[in-house]
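Heads up: the sequence shown begins at 36 in the numbering used here, then just goes up one per residue. Built from N, CA and C at the ideal position, the CB exists for glycine as well. Predicted model only: the values in this text are computed from it and were never measured.
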Amino acid sequence: NETIETLHDRLAKQGADLLINILKNPIKETPQDETKATMCKKLSRKDGEVNVNIMTAKDIDLHVRALVPWPGAKCVIGEKPIKLLKTSLKQSDNSFEILCKDDSILYISMLQPEGGKPMTGADWKRGRKTNLPRP
């Protein structure tokens with residue numbers, strides 16, 4: 036359940052410890068085997084599009100954690116686009132649920148409406164005049 040923020044903090048501490056170790060005990064270079072190297076395309080905003088009708092809750096949860104903060108994960112719920120900031124497969128007090136592919140349930144705990152500020156899923160749902168659509 037790690038995000039870029041938690042990974043950054045964990046690696047910053049590990050990196051500092053490793054740097055001290057390397058400065059005390061220099062290592063020798065090892066050439067990379069270029070036949071085993073892999074390439075990845077550059078991420079774009081299109082990569083952040085999420086569709087609850089064709090993606091399971093688990094797929095969306097992984098997608099959100101992989102793409103926050105850039106390019107971010109965006110979804111349309113009830114004809115309104117929102118940016119998904121934090122999701123889970125487990126319910127929390129600040130989340131609301133949405134039905135995804137294969138009747139899987141995604142809990143959205145932080146989001147940002149188009150042109151708005153980040154807010155909890157529960158606050159966003161309370162501000163809705165109608166019930167959320169069920170795919």
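How long is the line joining the alpha carbons of residue i and residue j, rounded to whole angstroms?
i    : j    : result
A92  : G151 : 24 Å
E132 : I140 : 6 Å
T65  : K77  : 27 Å
K59  : N36  : 34 Å
L124 : S130 : 11 Å
K160 : I89  : 23 Å
K71  : V103 : 28 Å
M154 : T41  : 20 Å
V87  : I39  : 23 Å
L244 : V111 : Lying outside 36 to 170, the shown extent of the chain, residue 244 is not represented and no answer is given.
C135 : E69  : 41 Å
Judging by CA-CA distance, which residue of the options is the nearest neighbour of residue i?
i    : options                  : result
I117 : D82, Q147 and W105       : Q147
R80  : T70, V99, A72 and V87    : V99
G156 : C135, K136 and Q126      : Q126
D94  : D68, K115, T122 and K63  : T122
D128 : A101, R45, I143 and E114 : I143
Three-state secondary structure (DSSP) at residue i?
i    : result
K121 : strand
L46  : helix
L11  : The chain is shown from 36 up to 170; residue 11 falls before or after that span and cannot be answered.
A108 : strand
V103 : coil
P84  : Per the sequence presented here, residue 84 reads as Glu, with Pro not at that position. It is a strand residue.
T155 : strand
I140 : strand
I133 : strand
Please confirm whether residue i has its beta-carbon closer than 8 Å to some beta-carbon of chain B.
i    : result
R161 : The chain inventory of the structure shown lacks chain B, comprising one protein chain alone.
Here's the rule: buried if 16 or more other CB atoms are within 10 angstroms of the residue's CB, otherwise exposed. What is residue i?
i    : result
P170 : Residue placement at P170 cannot be trusted, given a pLDDT of 48 that sits under 50; the coordinates are not used to answer.
W105 : exposed
M74  : exposed
L54  : exposed
Please name the residue or residues paired with residue i in a DSSP beta bridge.
i    : result
K115 : I112
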